[in-house]
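Trainee: Letter by letter, the sequence shown follows residues 1 to 925 in the UniProt record's numbering. All residues carry an ideal CB built from backbone N, CA and C; glycine is no exception. Keep in mind that this is a model prediction, so the values were computed, not measured. Let me begin by handing over the structure; questions about it come next.
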Amino acid sequence: MRVVVVESPAKAKTINKYLGEDFTVLASFGHVRDLVAKDGAVDPDQDFAMRWEVDARSEKHVKAIADAVRKADALYLATDPDREGEAISWHVRDVLFARKALGDKPVHRVTFNAITRNAVTTAMAAPRALDQELIEAYLARRALDYLVGFTLSPVLWRKLPGSRSAGRVQSVALRLICVREAEIERFTAREYWTLKALMANTAGQAFSARLTHLQGKKLDKFGLPDAAAARAAEAAVRAASFSVGKVERKTTKRNPAPPFTTSTLQQEASRKLYFSASRTMGVAQKLYEGVALGGETVGLITYMRTDGVQMAPEAVAATRAAIDRDFGGRYVPDKPRVYKTKAKNAQEAHEAIRPTDPGRTPAMVAPYVTKEQLALYDLVWKRTMASQMASAELDQVAVDLTAADGSAVLRATGSVITFDGFLKLYLEDRDDTPEAGDGAEGDDANRLLPPLTEGDAVERRDVTVEQHFTQPPPRYTEASLVKKMEELGIGRPSTYASILSVLQARNYVRLDSRRFVPEDRGRIVTAFLESFFARYVEYSFTADLENKLDEISAGQRGYLAVLREFWDDFKATVDGIQGLRVSDVLDALDAELAPHLFPASEEEGAPDPRVCPKCGEGRLGLRLGKFGAFVGCSNYPACRYTRQLVVTGDDDGGADDLAAGPRVLGTDPDSGKPVTLRKGPYGLYVQLGEQEQVGETKTGKPKMGPKPPRASLPQGLDADRVDLTVALGLLALPREVGAHPESGQMIQAGLGRFGPYLKHGDAYKSLPKDDDPLLVLSIGLNRAVDLLAQQGGSRTRMASRALGNHPADGKPVMLKDGRFGPYVEHGKARATVPKAEREALDTLTLDRAIELIRLKAEKDAAKAGGAAAGDGEAKPARKPAAKKPATAKAAPKKAGAKSAASKAGTTTRTSAKAGVPKEKTTARK
C-alpha cells in the first residue's frame with residue numbers, strides 16, 4: 001500500500017478514484033505547521049534557525065497521515081506544483097521523520113498541472129525528489145516576513161498607539177494606495193474645450209469631425225483653453241466652407257491576448273465579473289480540484305497559481321481543433337500562437353490557466369457547476385480559445401477636411417471590422433475609463449465613414465463646442481492594483497489575494513464603489529514608514545528582494561546570504577528608531593500629512609486651517625492617544641478641542657457627524673414614528689421611535705418602557721447610503737426570500753452578529769463579504785438557492801423520503817437529513833448512514849436501511865450490557881489522598897506530559913540547512 005498526500009479533501013477524493021485500491025490518498029488541509037507564534041521563532045544569531053509547531057487544528061490530520069505511512073510501503077507527496085506546494089511537502093516529510101513514521105521508506109514528489117486521470121497517472125509514473133532550492137526560497141521568504149513583522153510591528157505599537165502591524169509586502173501595496181490618494185488630493189482640475197462639427201458628403205450622408213488645426217496651428221489638448229477661444233474657433237468654422245483634403249486608408253490587425261496567468265485572471269474577473277481577488281481564487285480552486293461530470297470527478301482548469309502564459313503542445317493542438325470545429329477553418333491561424341511570459345524569473349514556470357479539455361464548452365458543464373463557477377470557467381475557456389484564434393482585421397480611414405481659406409482643418413476618423421477573428425468570441429476589458437472629454441477621437445472610432453474623395457465639397461450642418469475638465473488619476477481597483485504590483489515586481493501570484501485581504505482586515509483601506517480608499521490609520525502608518533523606513537517601502541527595493549528570492553529558487557543564490565544581507569541593514573535601522581521620542585515621530589507625521597489633515601482653501605481671505613476653531617489662538621496638530629491618532633489644540637489642557645481624523649476636509653454627512661446626535665431619516669408610514677440613524681458604542685444603527693417613559697419607580701425615578709426596534713448597519717455600509725427605505729428594510733429583517741424549490745422550506749435573509757446571512761431550515765450561509773452590504777435586502781430566490789448550494793457553505797437539507805414499510809410491523813422506514821447528516825428512521829429507532837454510502841443516497845434500499853437500524857440496535861445493546869456488567873462488579877475501596885504540607889509546592893510538569901486532549905501543538909526546531917529537526921518534538925506549554 002502506498003500513501004499519497006495532497007492539500008485538500010476534495011482533491012484527495014478525486015485522485016483516489018484515479019489511482020485505485022493500491023493507494024491511500026490523504027489531505028494535509030494546507031500547511032501542517034507554521035512558525036511558533038511568538039518572538040524568537042527565527043533566530044538570526046543561530047544562522048536563522050527556525051522553530052516550527054504543529055497547531056491543534058492540524059494535529060489530527062498529521063496523526064492520520066503518520067498512522068497510514070507507518071503501514072505503507074512508500075510515500076508520495078502530491079501537493080501543488082509551486083513554491084508553496086513544495087514547502088507543504090517538505091513540512092509533511094519533516095514532521096513524519098521527526099515522529100519516526102518514515103524509517104527508510106522511499107519518499108517521492110509528484111506534480112501535475114491538472115487534476116485529470118491522464119495528468120495524475122502520468123505524474124505518478126515519473127516522480128522526483130523534493131526541490132531543495134524551492135524549499136530554501138520558501139524558508140527565506142517566510143523568515144523575511146516573520147522578521148519584518150515581529151521587529152517592525154512592536155516599533156509601530158510603541159511609536160503609533162492604535163496601529164495594527166506592518167508587513168514586508170503589504171506595506172508597499174498600502175503605500176501605492178496612499179500615494180495615489182495624495183495625488184488625487186493635490187490634483188488641480190484644468191479647463192479645456194473641444195469643437196465638433198456635423199458634416200455631410202455630396203450624397204447627404206452625415207458624419208462627425210473634430211477641429212485639429214486653427215489659423216495654421218495644430219491644436220493640442222489645451223489648444224482651446226477657455227470659452228472665449230472656443231467661441232472664436234466656432235465662429236471661424238461656421239464662416240468657412242470645407243472640402244475633402246486628404247484621405248488616409250490602412251488595414252490593421254488586432255491580435256488576441258495570451259491565456260490567463262494568476263494576475264490577469266484576477267484582473268479580468270474583477271472587471272467583468274466583479275469578483276474580488278480572493279473570491280476569484282476560491283472559485284478557481286474548486287474548478288481545479290474537480291467537479292462531478294457524468295459520474296466522474298474531473299478538474300476543469302489547470303493550476304491557477306502561475307506566471308506562465310505558454311500551453312502544452314497537446315493543449316494547443318486540441319484548442320485549434322476545437323476552434324476549427326466550432327468556428328470554421330478561417331478562424332484558425334496558419335501557425336500556432338506562441339506566447340512568452342514577461343515576468344522575470346517566473347517562479348511558477350508551468351502552463352497558463354486553461355481548460356483541461358478545450359472541447360468541454362461552458363454549455364456542457366453548466367448543469368454541473370454553480371453560477372460563479374460557470375462564469376469563471378466561461379471566462380477561462382473563451383480567453384484560451386481566443387488566444388489561438390486568427391487576428392481581427394480592421395479597415396481604418398482618416399479624412400482631413402480643409403477650409404477654403406486655410407483657417408481650419410477638421411478630421412474625421414472611422415473604422416470597420418472586415419474580419420472579426422478572435423473578437424467573435426472574446427474582447428479583453430481595459431483597466432480604467434479615460435478621462436471625461438478625452439475621448440474625442442474615441443467617439444469616432446469603430447464608426448464607418450461614408451464615401452469621401454479628395455477634392456469633394458462637404459456640407460457643414462452644425463457646430464458644437466464642449467467644456468471639459470481634466471480628471472485626477474483614478475483610485476486603484478483590485479484589478480489595477482494587482483496589475484501595478486505585477487508591473488513593479490511586488491509580490492507573486494500566490495500572494496496578491498492575501499495582500500489585498502490583509503489591508504482591508506487591518507482597516508488600513510476600504511473599498512468604495514470597488515475602488516481602494518486609504519483610511520487615516522493606513523495613511524499614518526505609510527507616512528511613518530516613509531519617514532523612518534523609507535528604503536523598505538521603496539518599490540525598487542521590494543522588487544529587487546523578490547528577484548533575489550527567485551534567484552534562490554533557481555539555485556543562483558544562497559538563502560542564508562540573502563537573509564544576512566537584509567537583516568544587518570534592517571536591524572541597524574530599527575535600532576536607530578528605538579531612541580526616537582514619540583514627539584519626534586509626531587512632528588514628522590504632522591509635516592508629512594499636513595496637506596491631507598489641514599487642506600488650505602483657495603478662496604481669498606480664508607482662515608488658516610491650523611488655527612483652533614474653539615479658542616482661536618492654539619495651533620492644530622497631530623496628537624496620539626490611547627486609541628490612536630487625532631487632531632488636537634496646542635493650548636491643551638486650557639483648550640480641549642479635538643476632532644477625529646477624516647478622509648477629506650469636507651463635511652460629507654457621514655458617520656462623523658453622528659457624534660452630536662441622531663440623524664432623522666424620515667417617518668415610518670405604518671407607525672408614524674421617526675426613523676433615525678445613530679452612533680452607539682458598537683457602531684452605527686437605525687432605530688424606530690424613541691424609548692418612552694411608562695411611569696415612575698418608588699424613588700421617583702422615571703420608569704422606562706421597552707427599547708424601540710433597532711438594527712445594526714452591515715459591515716462595509718457607509719452612513720451616507722442609509723436613507724429611509726434602507727433603514728426600514730434593515731428594521732424589517734429577517735425577511736422571507738421564498739420557498740426552496742427542492743425542500744419547500746422557506747428561505748430567510750437576515751442580519752446576525754457575523755453579518756448578513758441566509759437561513760434554510762437549520763442551515764445557515766453567510767452572504768459573500770465582497771458583495772454589496774445591502775444585498776440582504778434585495779437578494780432573490782435564484783441567487784439564494786445558488787449560494788446555499790455552494791461547496792464550503794452550509795449544506796442544503798434534502799427532503800425526507802419513504803423507503804418502504806418494515807416487514808415486522810408495517811410501519812414506514814424513512815430516509816431523513818439531520819443536523820449531522822442523513823439517517824434512516826423506523827419509529828423511534830434511528831441509524832446514521834455511513835459516509836461511504838452518502839454519495840449514492842438515491843440507491844439506498846429498504847433492506848439496507850433495515851440492516852443499518854439492526855446494527856445500530858445491536859451496538860446500543862452491547863454498550864448497555866457492558867455498562868450493566870461494570871455496575872455489578874465489586875470495586876476496590878479508594879484510599880484517601882494524602883494531604884500535602886501547606887508549604888509544599890507542586891512539582892512542575894515535564895514538557896511532553898500533557899495528553900493529546902490538551903490540544904497542545906508540537907514545536908520543532910529546524911536547522912538553517914532545511915534538513916531534519918535538531919530536537920525531538922516537545923509539547924507546547
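Return the chain-ordered list of same chain residues with a C-beta closer than 8 Å to the C-beta of residue 814, the five sequence neighbours on each side being excluded.
Mentor: Counting only Cβ-Cβ distances below 8 Å, and skipping sequence neighbours, we find 800, 801, 802, 803, 824, 825, 826.
Trainee: Run through the DSSP bridge pairs and tell me what residue 693 is partnered with.
Mentor: Bridge partners of residue 693: 704.
Trainee: With distances taken from CA atoms, which of 762, 203, 422 is nearest residue 324?
Mentor: Closest by alpha carbon: 422.
Trainee: Under 8 Å, do residue 717 and residue 773 count as touching if we go by C-beta distance?
Mentor: Result yes, Cβ atoms of residue 717 and residue 773 sit closer than 8 Å.
Trainee: Mind checking whether residue 713 and residue 682 have CB atoms under 8 Å apart?
Mentor: No.
Trainee: If you follow the beta strand (DSSP E) that residue 385 is in, where does it begin and where does it stop?
Mentor: Careful: residue 385 lies outside any beta strand (DSSP E), inside the alpha helix (DSSP H) at 371-387.
Trainee: In whole angstroms, give me the CA-to-CA distance for residue 368 and residue 85.
Mentor: Looking at the two C-alpha atoms, the distance is approximately 28 Å.
Trainee: May I have the straight-line CA-CA distance separating residue 475 from residue 151, to the nearest angstrom?
Mentor: Taking the straight line joining both Cα atoms gives about 31 Å.
Trainee: For residue 590, is the classification buried or exposed, using 16 other Cβ atoms within 10 angstroms of its Cβ as the cut-off for buried?
Mentor: Classification of residue 590: buried, given that the 10 Å Cβ count is 16 or more.
Trainee: Could you tell me which uninterrupted alpha helix (DSSP H) segments, each at least 4 residues in length, are contained entirely in the segment 827-862, listed from first to last along the chain?
Mentor: Entirely contained in the segment 827-862, not one alpha helix (DSSP H) run reaches 4 residues.
Trainee: Could you give the first and the last residue of the continuous alpha helix (DSSP H) run that contains residue 199?
Mentor: Counting along the chain, residue 199 falls outside any alpha helix (DSSP H), though it belongs to the beta strand (DSSP E) covering 191-200.
Trainee: What alpha helix (DSSP H) runs, 4 residues minimum, are completely inside the segment 481-556?
Mentor: With a minimum length of 4 residues, the continuous alpha helix (DSSP H) runs that stay inside the segment 481-556 are 496-505, 520-532, 539-553.
Trainee: Using 8 Å as the Cβ pair cut-off and three pairs as the minimum, do the segment 388-396 and the segment 413-427 touch?
Mentor: A contact exists between the segment 388-396 and the segment 413-427.
Trainee: Comparing alpha-carbon positions, which option in 479, 189, 18, 614 lies nearest residue 121?
Mentor: Measuring from the Cα of residue 121, the nearest candidate turns out to be 18.
Trainee: According to DSSP, is residue 355 part of a helix, a strand, or is it coil?
Mentor: If DSSP states are grouped into helix, strand and coil, residue 355 belongs with the strands.
Trainee: Just list the residues that DSSP pairs residue 748 with in beta bridges.
Mentor: Residue 748 is bridged to 736, 759.
Trainee: Per DSSP, residue 667 is paired with what?
Mentor: Answer is 674.
Trainee: So what's residue 754 in DSSP terms, helix, strand or just coil?
Mentor: Note: residue 754 maps to coil in three-state DSSP.
Trainee: Okay, do the segment 199-211 and the segment 456-469 touch, 3+ Cβ pairs below 8 Å being the bar?
Mentor: Because the criterion of three Cβ pairs below 8 Å is met, the segment 199-211 and the segment 456-469 touch.
Trainee: Under the three-state reduction of DSSP, which class applies to residue 169: helix, strand or coil?
Mentor: Residue state, collapsed to three classes: coil.
Trainee: Would you call the CB atoms of residue 79 and residue 7 closer than 8 Å?
Mentor: Yes, the Cβ-Cβ distance between residue 79 and residue 7 is below 8 Å.
Trainee: Buried or exposed: where does residue 542 fall if 16 or more other Cβ atoms within 10 Å of its Cβ makes it buried?
Mentor: That one is buried.
Trainee: Are residue 387 and residue 258 close, meaning C-beta to C-beta below 8 Å?
Mentor: Contact: yes.
Trainee: May I ask you to list the residues that DSSP assigns as paired with residue 812?
Mentor: According to DSSP, which records beta bridges pairwise, residue 812 is partnered with 805.
Trainee: Using CA coordinates, which residue listed in 77, 95, 156 is at the minimum distance from residue 624?
Mentor: It is 156 whose Cα lies nearest to the Cα of residue 624.
Trainee: With 16 as the cutoff for other CB atoms within 10 Å, does residue 622 come out buried or exposed?
Mentor: When all chains shown are included, residue 622 counts as buried.
Trainee: As an exercise, report each continuous alpha helix (DSSP H) stretch of at least 4 residues that is fully enclosed by the segment 113-146, in chain order.
Mentor: Those alpha helix (DSSP H) runs which fall completely within the segment 113-146 and span 4+ residues are 117-124.
Trainee: Where do the ends of the alpha helix (DSSP H) carrying residue 271 lie?
Mentor: Note, residue 271: alpha helix (DSSP H), 262-273.
Trainee: Can you grab the Cα-Cα spacing for the pair residue 648 / residue 113, in whole Å?
Mentor: The pLDDT assigned to residue 648 is 36, lower than 50, so where the model puts this residue is not dependable; a value taken from the coordinates is nonetheless given after this. If you take the alpha carbons of residue 648 and residue 113, they lie about 48 Å apart.
Trainee: Taking the alpha carbon of residue 400 as the point to measure from, which residue in 362, 244, 40 has its own alpha carbon closest?
Mentor: The shortest Cα separation from residue 400 among 362, 244, 40 belongs to 244.
Trainee: Grab me the residues of residue 16's own chain with a C-beta within less than 6 Å of its C-beta, minus the 5 sequence neighbours each way, in chain order.
Mentor: Once the five neighbours on either side are set aside, the close Cβ partners of residue 16 are 25.
Trainee: Could you check whether residue 687 and residue 721 sit closer than 8 Å to each other, using their CB atoms as the reference points?
Mentor: In this structure, residue 687 does not lie closer than 8 Å to residue 721 by Cβ.
Trainee: How about residue 477 and residue 270: are their beta carbons less than 8 Å apart?
Mentor: Yes, the pair counts as a contact, with Cβ atoms nearer than the cut-off.
Trainee: Count the other CB atoms, across all protein chains shown, that sit within 10 Å of the CB of residue 136; report buried if there are 16 or more and exposed otherwise.
Mentor: By the 10 Å Cβ count, residue 136 comes out buried.
Trainee: Near residue 11, which residues of its chain fall below 6 Å by C-beta distance, leaving aside the five closest residues on each side in sequence?
Mentor: So the list reads 289, once near-sequence residues are dropped.
Trainee: Do you know offhand how far residue 961's Cα is from residue 831's?
Mentor: Because the chain in this structure spans residues 1 to 925, residue 961 falls outside the shown range and cannot be described.
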